[in-house]
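Chemist:
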Amino acid sequence: MKNQPNLGSRRIVRNPRRTRRTSYRPMKYAATSAVGSTWLSAVATHPSRIVALILAGLMVSLMIWFAADLRFYVFAAQVQGASVTSADEVFRVAGLNGMSVFHIRPAKVAADVKAGVPGIEDVSISVGLPSSVTVRIREGDVRFIWRSQESSYLVDGEGRVVGQVGAAADSRVVINDTDGHPVLPGGTVQVDACRAASQLQELIPGVRSFDYSESEGISLLDARGWKVLFGDSRDLRTKVAVLQAIEKRLADEGQQAMLIDVRYPNGAYYR
């Protein structure tokens, strides 16, 4: 009889690689489970710290966005209340051009404008997102620009010098001191010249520039190139009436005049 294999004692040999692979998986899952448990444990133990980290990350992201986005930078501003003051000059002195809206300090900007732009009594600043800035100013009683020796000064109706101004555009009436008297901020200029210019503004609308000298007083050069001498501020209404009568006569006769002198209404003349 042939020997039959003993099935009861059959030896089964397992693949060692499969054994190692199956023995590795429980370790991997165990490690992952351990990490997850540690994180969940940290969240459960210190929830405020996790929230703080998340918020800090969001804040950093917002700061980077605000710093990089040009929509939050100021390149223009609305200036309100500037009837004679140059709005461009106000914006320049405010120092807002190219500034991040988050870096603006309204109190400092208002102080800079009030100190740097003569003739302004009060300033307020309002800021809005993304880059809206409004500068509200209140002008003082500054009526004229007095020019002497190639410098310009703001003066009120009584000749008080408010401050020196640059070459910025301004809609105030100009008085040119042809004698070139020195002017000091805080001092006064020729008061009678300012009073005469104030009256003539009402009597002859549209005049924006006068000349002044000690010998001729207040005078103007009109659009036709005619020079008119008024002298001092006395009897200006009468002087203007005489001027209008002379102009009518010249128009009726078809004549031109280089000079009309009404400083003394009873002895007015032209040539």
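Residue 812 is where the sequence shown starts when you use this note's numbering, and the numbers rise one by one after that. Ideal Cβ positions, reconstructed from N, Cα and C, are used throughout, including at glycine.
Count the other CB atoms within 10 Å of the CB of G1028; is the residue buried (16 or more) or exposed (fewer)?
Modeler: Mapped onto the sequence shown, residue 1028 falls at position 217. By the 10 Å Cβ count, G1028 comes out buried.
Chemist: Checking the sheet assignment: what are the DSSP bridge partners for E950?
Modeler: Taking the sequence shown and counting its residues from 1, the one referred to as residue 950 is at position 139. Bridge partners of E950: I931.
Chemist: Here's a check: name, in chain order, each residue in its chain whose Cβ is nearer than 8 angstroms to the Cβ of V984, leaving out the five neighbours to either side.
Modeler: As a position in the sequence shown, residue 984 is number 173, starting the count at 1. Answer for V984: R954, F955, I956, A1008, Q1012, V1018, R1019, S1020 and F1021, listed in chain order.
Chemist: Is I1071 buried or exposed, if buried means 16 or more other CB atoms sit within 10 Å of its CB?
Modeler: For the purposes of this step, residue 1071 is taken as residue 260 along the sequence shown, with counting starting at 1. With 16 or more Cβ atoms within 10 Å of its Cβ, I1071 is classed as buried.
Chemist: For the pair the region 887 to 894 and the region 909 to 921, tell me if three or more CB-CB distances fall below 8 angstroms.
Modeler: Cβ pair count under 8 angstroms is below three, so no.
Chemist: Give me, in chain order, the residues of the same chain whose beta-carbon lies closer than 6 angstroms to that of A898; leave out the 5 immediate sequence neighbours on both sides.
Modeler: If you number the sequence shown from 1, residue 898 lands on position 87. Here the set comprises V890.
Chemist: Looking only at its chain, what residues have a beta carbon closer than 7 angstroms to the beta carbon of V901, apart from the 5 residues adjacent to it on each side?
Modeler: Here residue 901 refers to the residue found at position 90 of the sequence shown. So the qualifying residues of the chain are V890, A893, V924, V928, V946 and I948.
Chemist: Is it buried or exposed, T896, if we count other Cβ atoms within 10 angstroms and call 16 or more buried?
Modeler: On the sequence shown, residue 896 is found 85 positions in, with the first residue counted as 1. T896 comes out buried.
Chemist: According to DSSP, is F955 helix, strand or coil?
Modeler: As a position in the sequence shown, residue 955 is number 144, starting the count at 1. Strand at F955.
Chemist: Give the single residue among G1065, V976, S942 and S959 whose Cα lies nearest to the Cα of L881.
Modeler: As a first step, residue 881 is located in the sequence shown; it is residue number 70 there, counting from the start. Cα-wise, what sits closest to L881 is S942.
Chemist: Which residue spans inside the region 990 to 1026 form an unbroken beta strand (DSSP E) run of at least 3?
Modeler: Complete beta strand (DSSP E) runs here, min 3: 1020 to 1024.
Chemist: Can you pull the DSSP bridge partners for S937?
Modeler: For the purposes of this step, residue 937 is identified with residue 126 of the sequence shown, where counting begins at 1. Its beta-bridge partners are T945.
Chemist: Looking at A1079 and the ligand NAD, is the gap between the Cβ and the nearest heavy atom below 7 angstroms?
Modeler: In the structure on display, the ligand NAD does not appear, and there are no ligands present to speak of.
Chemist: What three-state label does DSSP hand F1041 in the structure shown?
Modeler: As a first step, residue 1041 must be located in the sequence shown, where it is residue number 230. Strand, per DSSP.
Chemist: Ignore the nearest five residues each way along the sequence and tell me which others in V972's own chain have a CB closer than 8 angstroms to its CB.
Modeler: Reading the sequence shown from its first residue, position 161 is the one you call residue 972. Cβ neighbours of V972 beyond the five flanking positions: W957, Y964, L965, V966, V994, L995, P996, G997, G998, T999 and V1000.
Chemist: Since I believe E969 is in contact with V1002 (beta carbons under 8 angstroms), could you give me their beta-carbon distance rounded to a whole number of angstroms?
Modeler: Indexing the sequence shown from 1 puts residue 1002 at position 191. Indexing the sequence shown from 1 puts residue 969 at position 158. That belief holds up - the Cβ atoms of V1002 and E969 are roughly 6 angstroms apart, short of 8 angstroms.
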